[in-house]
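Counting along the sequence shown from 1, when you hit position 87 you're at 139 in my numbering, and nothing is skipped either side. Notes follow the structure.
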Amino acid sequence: TAPTAPVQLRTRSWIDANCSQCHRPGGLGPGFDGRFYVPLEDQNLIDTYVKFRDWNDSLLYIRDDALGRIQMPPLAKNVIHEDAMAALRQWMASPLEVLSAYLVQDNSHLAVRFNSHVDPDSATDASHYSLDQGATISAAVMGSAPDTVILTVSPLNQSQSYVLTTTDVLDTAPSANTI
53 TAPTAPVQLR TRSWIDANCS QCHRPGGLGP GFDGRFYVPL EDQNLIDTYV KFRDWNDSLL
113 YIRDDALGRI QMPPLAKNVI HEDAMAALRQ WMASPLEVLS AYLVQDNSHL AVRFNSHVDP
173 DSATDASHYS LDQGATISAA VMGSAPDTVI LTVSPLNQSQ SYVLTTTDVL DTAPSANTI
């Protein structure tokens, strides 16, 4: 697969090349349609065979990352295609999302934890974040973990709920996922 192509394109083209001969309407492989030109939402992959951020419950990942009785494809496979599995894991880790946001130190510092390591250049640009209800963000720095950013904000009322919006924050995947 082309490492500079978007991860979804790489993964879906790999699924087409390795699965669609059987996994298609009228094919021997039931359950999903692996053909690349079928829109993703019509393939019956997501939340059935691919569970984002859940390798242990994603049948496509489990079987493609195996050798022996449960391996896919079932014939002519004697090694696991590690580059393809890395791309599949990267795709399954996407899209980049905020997992949690919580006050740290005091009511003027908000920790934002993402589901993947974030690119420090994009993640520490305070203009990539906004809060509602008139709250302002004056700075963004990386936290102690590579998936966490600490925002300096105007004092927040702990008994009030706020909506945090992020834009143009990238993860560190070779073909970055953006939120």
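Beta carbons: idealized from backbone N, C-alpha and C, even for Gly.
In the DSSP assignment, residue 152 falls within the beta strand (DSSP E) that extends over 150 to 155. Secondary structure at residue 98: strand, using DSSP grouped into helix, strand and coil. Residue environment for residue 175: buried (at least 16 other C-beta atoms within 10 angstroms of its C-beta).
Its Cα nearest to that of residue 94, the residue 85 stands out among 183, 85, 102.
Annotation: the continuous alpha helix (DSSP H) that includes residue 63 extends over 59 to 71. For residue 124, the secondary structure class from DSSP, reduced to helix, strand or coil, is coil. Contact between the region 122 to 140 and the region 148 to 158 is not established, with fewer than three Cβ pairs separated by less than 8 Å. For the options 167, 159, 161, the alpha carbon positioned closest to that of residue 149 is the one of 167. Short of 8 Å from the beta carbon of residue 191, and not among the five residues preceding or following it, lie these beta carbons of its own chain, in chain order: 178, 203, 204.
With distances taken between CA atoms, residue 220 lies nearest to 182 out of 182, 212, 107. Of the other Cβ atoms in all chains shown, 16 or more fall within 10 Å of the Cβ of residue 110; this residue is therefore buried.
Cα atoms of residue 68 and residue 208: separation of roughly 49 Å, rounded to the nearest angstrom. Apart from sequence neighbours up to five positions away, the residues of its chain that approach residue 83 with a beta-carbon distance below 8 Å are 75, 96, 100, 101, ordered along the chain. DSSP places residue 89 outside any alpha helix (DSSP H), giving it a letter other than H or E.
One thing to note: residue 171 has its Cβ within 8 Å of the Cβ of residue 224. Within the region 184 to 209, complete beta strand (DSSP E) segments of at least 3 residues are found at 189 to 194, 200 to 205, given in chain order. Between residue 126 and residue 142, the alpha-carbon positions lie close to 24 Å from each other. A straight-line Cα-Cα distance of about 48 Å links residue 215 and residue 121.
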